[in-house]
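**Student:** Just so you know, the sequence shown maps onto residues 0 to 237 in numbering that gives the first Met the number 0. Handing you this structure, nothing more for now.
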Amino acid sequence: MQQTNAGAAVPAHIAIILDGNGRWAKRRGLPRSFGHRQGAKAVEPVVLRCRELGVQSLTLYAFSTENWSRPASEVDEIMRLLREMLQSAERYRGQEIQLRLIGDRSALAPDLQQQIEQVERESASCTGMILNMAINYGGREELVHAARTLARQVEEGILSPEEIDEKRLASALYTAGQPELDLIIRPSGEKRLSNFLLWQCAYAEFVFMDILWPDFTPADLDAALEEYRQRDRRFGGI
Ligand code: IPE
Ligand code: IPE
Ligand code: MG
């Protein structure tokens, strides 16, 4: 196991599960869509704080492969907010932030796919930080996708089954080439992964927080980082 960031003050790769939008709205007697809108507003300050701290990769879980089971109106609202975020992506480009979408984008609306490709293209040369937006992302789907990629290479004779090792599998994941995941933060009080970054979580530190995502501020990120710094990461050693 690669020890990318043992003992380092700033994690190289942070992932956050953007959870709690619905409950935020419910507590105020508002429709869930208000919670999603407020949740979308909470994203930028946290992204910029990560950039300022020198984080190399930030992965945000915004829509899971299981979230399609929600009412169509709610799914539409989340996709609308994603479009809005992509439309204002040049603000991130100004900060040298490269945007990528991770997940199965083939299920998204064709115009949204085009918009994603355009934003990825336009920010491809940014070297300050990678922002992975996990949309229609599932950890199991990612592993299936990777298995298919490798199987195709074996079929084409480019690869032998014996050559498939951890490094090769990691290079077939959506996060290929990015630093090992150091820290995963889940606000909202839930203590589960919900199919997020199953492979990448192998040696990540977990911080669960009793705050709903729309209320999450850079100060909460700092608090999570403080907790991270207290952890003794051993990677199986002593
Ligand atoms: C996270 O907030 C956003 C998505 C999953 C898209 P939720 O909508 O899951 O909020 P809660 O968990 O119901 O409060
Ligand atoms: C996980 O949250 C997915 C995202 C935040 C995008 P969910 O709200 O979908 O997870 P569960 O259903 O509580 O496990
Ligand atoms: Mg939720």
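Ideal Cβ positions, reconstructed from N, Cα and C, are used throughout, including at glycine.
At a cut-off of 6 Å, is Asp-164 close to ligand 3 when judged by its beta-carbon and the heavy atoms of the ligand?
**Tutor:** Along the sequence shown, read from residue 1 onward, the residue named residue 164 stands at position 165. No, Cβ of Asp-164 sits at least 6 Å from all heavy atoms of ligand 3.
**Student:** Starting from Phe-215, follow the beta strand (DSSP E) in both directions and report where the run begins and ends.
**Tutor:** By 1-based counting over the sequence shown, the position of residue 215 is 216. Note, Phe-215: premise wrong, no beta strand (DSSP E); not H, not E.
**Student:** So, under 8 Å CB-CB, Gly-176 and Tyr-136 are touching, yes? Tell me the CB distance rounded to an integer number of Å.
**Tutor:** For this step, residue 176 is matched to residue 177 along the sequence shown. For this step, residue 136 is matched to residue 137 along the sequence shown. Between Gly-176 and Tyr-136 the beta-carbon gap is near 17 Å, outside 8 Å, which marks them as no contact.
**Student:** Taking a contact to mean a Cβ-Cβ separation below 7 Å, would you say Leu-158 touches Gln-114 in this structure?
**Tutor:** Your numbering for residue 158 matches position 159 in the sequence shown. Your numbering for residue 114 matches position 115 in the sequence shown. In this structure, Gln-114 does not lie closer than 7 Å to Leu-158 by Cβ.
**Student:** Looking only at its chain, what residues have a beta carbon closer than 7 Å to the beta carbon of Gln-163, apart from the 5 residues adjacent to it on each side?
**Tutor:** As a first step, residue 163 must be located in the sequence shown, where it is residue number 164. Note that residue 163 is Ile in the sequence shown here, rather than Gln. Answer for Ile-163: Leu-149, listed in chain order.
**Student:** Less than 7 Å between C-beta atoms, sequence neighbours within five positions excluded: which residues of the same chain meet that for Val-206?
**Tutor:** The residue given as residue 206 occupies position 207 in the sequence shown. Within the same chain, Val-206 has close Cβ partners Leu-182, Ile-184, Ala-223, Glu-226, Tyr-227.
**Student:** Specify whether the stretch 35-47 and the stretch 107-121 touch according to this definition: at least 3 beta carbon pairs, one from each stretch, less than 8 Å apart.
**Tutor:** no
**Student:** Given this structure, state the Cα-to-Cα distance separating Pro-30 from Phe-215, to the nearest angstrom.
**Tutor:** Stepping through the sequence shown from its first residue, residue 30 is reached at position 31. Stepping through the sequence shown from its first residue, residue 215 is reached at position 216. About 19 Å.
**Student:** Please report the straight-line C-alpha distance between Leu-130 and His-12, rounded to a whole angstrom.
**Tutor:** One-based indexing of the sequence shown puts residue 130 at position 131. One-based indexing of the sequence shown puts residue 12 at position 13. Approximately 10 Å, taken between the alpha carbons.
**Student:** Assign Ala-67 to one of two classes, buried (16 or more other C-beta atoms within 10 Å of its C-beta) or exposed (fewer than that).
**Tutor:** For the purposes of this step, residue 67 is taken as the residue at position 68 of the sequence shown. Contrary to the premise, residue 67 reads as Trp rather than Ala in this sequence. So Trp-67 ends up on the exposed side.
**Student:** Give the straight-line distance between the Cα atoms of Ala-236 and Glu-165, rounded to the nearest whole angstrom.
**Tutor:** Here residue 236 corresponds to residue number 237 of the sequence shown, with the count starting at 1. Here residue 165 corresponds to residue number 166 of the sequence shown, with the count starting at 1. Just to set this straight, residue 236 is Gly in the shown sequence, not Ala. The alpha-carbon atoms of Gly-236 and Glu-165 are separated by roughly 19 Å.
**Student:** Within 10 angstroms of its Cβ, does Gly-38 collect 16 or more other Cβ (buried), or is it exposed?
**Tutor:** As a working note, residue 38 is residue 39 in the sequence shown. So Gly-38 counts as buried.
**Student:** Pro-109 to Pro-217, Cα distance in whole Å?
**Tutor:** Translated into the one-based positions of the sequence shown, residue 109 becomes position 110. Translated into the one-based positions of the sequence shown, residue 217 becomes position 218. Rounded to the nearest whole angstrom, the CA to CA distance from Pro-109 to Pro-217 is 34 Å.
**Student:** When the distance is taken between beta carbons, is Ala-24 closer than 7 Å to Gly-34?
**Tutor:** Locating residue 34 in the sequence shown gives position 35, counting from the first residue. Locating residue 24 in the sequence shown gives position 25, counting from the first residue. In contact: Gly-34 and Ala-24 (Cβ atoms closer than 7 Å).
**Student:** Give me the residue from Leu-80, Asp-209, Glu-83 with the minimum Cα distance to Glu-189.
**Tutor:** As a first step, residue 189 must be located in the sequence shown, where it is residue number 190. When each option's Cα is compared against that of Glu-189, the closest is Asp-209.
**Student:** Does any heavy atom of ligand 1 sit closer than 6 Å to the C-beta of Gln-82?
**Tutor:** Residue mapping note: residue 82 aligns to position 83 of the sequence shown, counting from 1. For the record, residue 82 in the displayed sequence is Arg; it is not Gln. Arg-82: no, Cβ never under 6 Å from ligand 1.
**Student:** Give the list of continuous beta strand (DSSP E) stretches no shorter than 3 residues that lie fully inside the stretch 139-219.
**Tutor:** 182-185, 204-207
**Student:** Could you please give the first and the last residue of the uninterrupted beta strand (DSSP E) stretch that includes Ile-96?
**Tutor:** Start at 1 with the first residue of the sequence shown, and residue 96 comes out as number 97. Segment 96-101, the beta strand (DSSP E) holding Ile-96.
**Student:** So if DSSP puts Phe-62 in a beta bridge, which residue, or which two residues, is it bridged to?
**Tutor:** If you number the sequence shown from 1, residue 62 lands on position 63. Per DSSP, Ile-134.
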